[in-house]
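J.:
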Amino acid sequence: MPEQTPSAASSPEPVEPVELIESPLHQRHVALGAKFGEFGGWTMPLEYAGVLKEHTAVRERVGVFDVSHLGKITVSGPGAADFLNARLSNDLGRIGPGKAQYTLCCDAETGGIVDDLIVYYRDETHLLLVPNAANSAEILRRLTAEAPAALTITDHHTDHAVLAVQGPSSDELLEAVGLPAGHAYMSFLEQGLPGVLDDEVGVVVCRTGYTGERGYELIVAAAAAGALWDALLAKGEPLGVLPAGLGARDTLRTEMGYPLHGQDISLDVTPNQARLGWAVGWKKDAFWGRDALIAEKEAGPARVLRGIVATGRGIPRPHMSVSLTKDVPVGEVTSGTFSPTRKTGIGLALVQRVVDPEAEVGVDIRGRREIFQLTDPPFVPAHVRED
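In our numbering, the protein residues as written are 1 to 387.
1) Excluding sequence positions up to five away, which residues of its chain have a Cβ less than 7 angstroms from the Cβ of K99?
2) How big is the Cα-Cα spacing for E19 and G40?
3) Under three-state DSSP, which class holds A34?
4) Could you spell out the range, first to last residue, of the alpha helix (DSSP H) harbouring H55?
5) Compute the Euclidean distance between the alpha carbons of E138 and C106, then round it to the nearest angstrom.
6) Just to check my reading of the structure: L232 and V162 have Cβ atoms closer than 8 angstroms, yes? What is that Cβ distance to the nearest angstrom?
7) Return yes when the Cβ of Y102 is within less than 8 angstroms of the Cβ of A274, no when it is not.
8) Could you pull out every residue in the same chain whose Cβ sits closer than 7 angstroms to the Cβ of T344, ignoring the five residues on either side in sequence?
9) Roughly how many angstroms separate the alpha carbons of A108 and T144, rounded to a whole number?
10) E47 and A248: beta carbons closer than 8 angstroms?
11) Can you check whether the CB of A222 is closer than 8 angstroms to the CB of D264?
12) If I measure Cβ to Cβ from A382 and keep anything under 7 angstroms in the same chain, skipping five residues before and after, which residues do I get?
13) Quick one: using the 10 Å Cβ neighbour count with 16 as the cut-off for buried, is V304 buried or exposed?
14) Helix, strand or coil for P148? Go by DSSP, reduced to three states.
15) Could you tell me whether the Cβ atoms of S136 and F287 are closer together than 8 angstroms?
16) DSSP three-state call for V119: helix, strand or coil?
17) DSSP puts W288 in a beta bridge; with which residues?
18) Going by DSSP, what residue range makes up the beta strand (DSSP E) through F83?
19) Select from C206, G277, Y210 the residue whose C-alpha is nearest the C-alpha of Y216.
20) Can you tell me which residues form a DSSP beta bridge with W42?
21) Does the Cβ of P357 have 16 or more other Cβ atoms within 10 Å, making it buried, or fewer, making it exposed?
22) Under three-state DSSP, which class holds D91?
23) DSSP three-state label for P318, please.
24) For the region 330-350 against the region 295-302, are there 3 or more C-beta pairs whose distance is under 8 angstroms?
25) Can you tell me which of the three DSSP states L239 falls into?
26) Could you tell me the boundaries of the beta strand (DSSP E) in which V456 lies?
27) Could you say if the region 322-335 and the region 240-247 meet the contact criterion of at least three C-beta pairs nearer than 8 angstroms?
28) How should E360 be labelled, buried or exposed, when 16 other C-beta atoms within 10 angstroms of its C-beta is the threshold for buried?
29) Taking 8 angstroms as the threshold (C-beta atoms), are T125 and G77 in contact?
30) What whole-angstrom Cβ distance do A349 and R317 have, given they're in contact under 8 angstroms?
31) May I ask which residues mark the beginning and end of the beta strand (DSSP E) holding G192?
32) Helix, strand or coil, according to DSSP, for A184 in the structure here?
33) Considering only C-alpha positions, which residue in the set L239, P131, F338, G93 is nearest to G177?
34) Which whole-angstrom value describes the C-beta separation of P24 and A225, a residue pair presumed to lie in contact below a C-beta threshold of 8 angstroms?
35) Please state the DSSP three-state secondary structure of K99.
36) Tell me which residue opens and which closes the alpha helix (DSSP H) that A221 is part of.
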């Protein structure tokens, strides 16, 4: 019997398209011929010359990313550091002014990961948080709900741009434009850039990144981002710089085994499961999710995040089933890609903790069972901490 054509009365109402936020550098990306994609409500460049070329530029020379979609939230006032330390997972007591820290915002009841973020510790009364774009509003909401009146929590999501300079030649590029380089990993400096930016505009230069290479992330006022971007590309030409999109950022971070929120970590995944216990201050008296996470840690998580490497030609993708034998599923791929550096398929998968961490497993790739080796990332050497 043929399907009936729905009447006009039963037709769904048209859905208004969501207007995506554009980076302050959007027109520059258009001029460079970028392909765009949606990330957390923003339209951002996926690639320019191609993911492989951009990936290689970062591994071998230097690349510049626009990651302005990342959130920017300031927490200021007396007791700001103590307030955050009693909520975020890592221990801010381990760092001080001029340092940055990777941390997690976990759900207070379940311990699931609301987001992973970087905290910039200016001083005990003034801290900057850089969460992921899609979770910035939720981080803001959770903090604001518990903040005392003396604290001011401000959303600067569109007020500032974030540029990432990544690769072996990143120090040379920053020095060429007049910015500081060579400071310690996860530390930051702030200075002006005479001749490029207006005198009152400062640039925060933090030695960090999401590629595994030596590199920096630069935070600058949105109105000044274009001049800084132009200077980096112009001064970087002799160094072989390429603008790099979020496609290359994904292949680079996967080669390092860095988790991506929304795929490898989420409200359904805890730090214990994601093997991010190093970013938890277990000795602290309080942080969101503490009781649930300590109980899970003592019992042992039911599943853990592992690396997988193809022994053949298979390329894993998220949500593909992982099995020990054809009929014994033990987990699921969370991230997967072709590694431009290793020339093979790699990925991350949540698998049952009882599985041997060096076992061979099968991944169901469109009905075909491909063999992968479980392993510990990174999949290529990391240079992010090198002096």
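Glycine included, every Cβ here is placed at the ideal spot set by N, Cα and C.
Fair warning: this is a prediction, and the values are worked out from it, not measured in the lab.
T.: Looking at the atomic coordinates:
1) Here residue 99 refers to the residue found at position 99 when the sequence shown is read from its first residue. Cβ neighbours of K99 beyond the five flanking positions: Y121, M186, S187.
2) Walking along the sequence shown from the start, residue 19 turns up at place 19. Walking along the sequence shown from the start, residue 40 turns up at place 40. About 12 angstroms.
3) By one-based count along the sequence shown, residue 34 stands at place 34. A34: coil per DSSP, three-state reduction.
4) Looking up residue 55 in the sequence shown gives position 55. Per DSSP, H55 belongs to the alpha helix (DSSP H) from 51-60.
5) As a working note, residue 138 is residue 138 in the sequence shown. As a working note, residue 106 is residue 106 in the sequence shown. For E138 and C106, the distance between alpha carbons rounds to 11 angstroms.
6) Residue numbering aside, residue 232 sits at position 232 when the sequence shown is read from its first letter. Residue numbering aside, residue 162 sits at position 162 when the sequence shown is read from its first letter. About 13 angstroms; that fails the 8 angstroms criterion.
7) The residue given as residue 274 occupies position 274 in the sequence shown. The residue given as residue 102 occupies position 102 in the sequence shown. No, they are not a contact pair.
8) Start at 1 with the first residue of the sequence shown, and residue 344 comes out as number 344. Closer than 7 angstroms at the Cβ level, and outside the excluded window around T344, lie V309, A310.
9) Within the sequence shown, the letter at position 108 stands for residue 108. Within the sequence shown, the letter at position 144 stands for residue 144. For A108 and T144, the distance between alpha carbons rounds to 15 angstroms.
10) Taking the first residue of the sequence shown as position 1, residue 47 is located at position 47. Taking the first residue of the sequence shown as position 1, residue 248 is located at position 248. Cβ atoms of E47 and A248: closer than 8 angstroms.
11) Counting from 1 along the sequence shown, the entry for residue 264 is found at position 264. Counting from 1 along the sequence shown, the entry for residue 222 is found at position 222. The answer is no: Cβ separation not under 8 angstroms.
12) By one-based count along the sequence shown, residue 382 stands at place 382. Correct list, in chain order: G212, M256.
13) Within the sequence shown, residue 304 is the residue found at index 304, counting from 1. That one is buried.
14) Taking the sequence shown and counting its residues from 1, the one referred to as residue 148 is at position 148. Three-state result, P148: coil.
15) Looking up residue 136 in the sequence shown gives position 136. Looking up residue 287 in the sequence shown gives position 287. Not a contact, by the Cβ cut-off of 8 angstroms.
16) Reading the sequence shown from its first residue, position 119 is the one you call residue 119. Three-state result, V119: strand.
17) Position 288 of the sequence shown holds residue 288. Bridge partners of W288: none, in fact.
18) Working through the sequence shown from its first residue, we reach residue 83 at position 83. It is not in any beta strand (DSSP E) - F83 instead sits in the alpha helix (DSSP H) that spans 80-85.
19) Stepping through the sequence shown from its first residue, residue 216 is reached at position 216. With distances taken between Cα atoms, Y216 lies closest to C206.
20) For this step, residue 42 is matched to residue 42 along the sequence shown. Per DSSP, I21, F39.
21) Taking the sequence shown and counting its residues from 1, one reaches residue 357 at position 357. That one is exposed.
22) In the sequence shown, counting from the first residue as 1, residue 91 sits at position 91. In this structure, D91 counts as coil in the three-state DSSP scheme.
23) The count along the sequence shown starts at 1 and reaches residue 318 at position 318. Three-state result, P318: coil.
24) no
25) Locating residue 239 in the sequence shown gives position 239, where the first residue counts as 1. DSSP places L239 in helix when its eight states are reduced to three.
26) Nothing can be reported for residue 456: it is not among the residues displayed for the chain, which extend from 1 to 387.
27) With the cut-off at 8 angstroms, the region 322-335 and the region 240-247 do not touch.
28) In the sequence shown, the residue the question calls residue 360 occupies position 360. With fewer than 16 other Cβ atoms within 10 Å, it is exposed.
29) Counting from 1 along the sequence shown, the entry for residue 77 is found at position 77. Counting from 1 along the sequence shown, the entry for residue 125 is found at position 125. Yes. Within cutoff.
30) Here residue 349 refers to the residue found at position 349 when the sequence shown is read from its first residue. Here residue 317 refers to the residue found at position 317 when the sequence shown is read from its first residue. So it is not a contact: roughly 11 angstroms between Cβ atoms.
31) Counted from its first residue, the sequence shown places residue 192 at position 192. Where G192 is concerned, the enclosing beta strand (DSSP E) stretches over 188-192.
32) Walking along the sequence shown from the start, residue 184 turns up at place 184. In the three-state scheme derived from DSSP, where H, G and I count as helix and E and B as strand, A184 is classed as coil.
33) If you number the sequence shown from 1, residue 177 lands on position 177. For clarity, residue 177 is Val in the given sequence; the question names Gly instead. Comparing C-alpha distances from V177 to each of L239, P131, F338, G93 shows the shortest one belongs to L239.
34) The residue labelled residue 24 in the question sits at position 24 within the sequence shown. The residue labelled residue 225 in the question sits at position 225 within the sequence shown. With 8 angstroms as the limit, P24 and A225 qualify as a contact, their Cβ atoms being about 4 angstroms apart.
35) By 1-based counting over the sequence shown, the position of residue 99 is 99. Strand.
36) Here residue 221 refers to the residue found at position 221 when the sequence shown is read from its first residue. From DSSP, A221 is part of no alpha helix (DSSP H) but of the beta strand (DSSP E) over 215-221.
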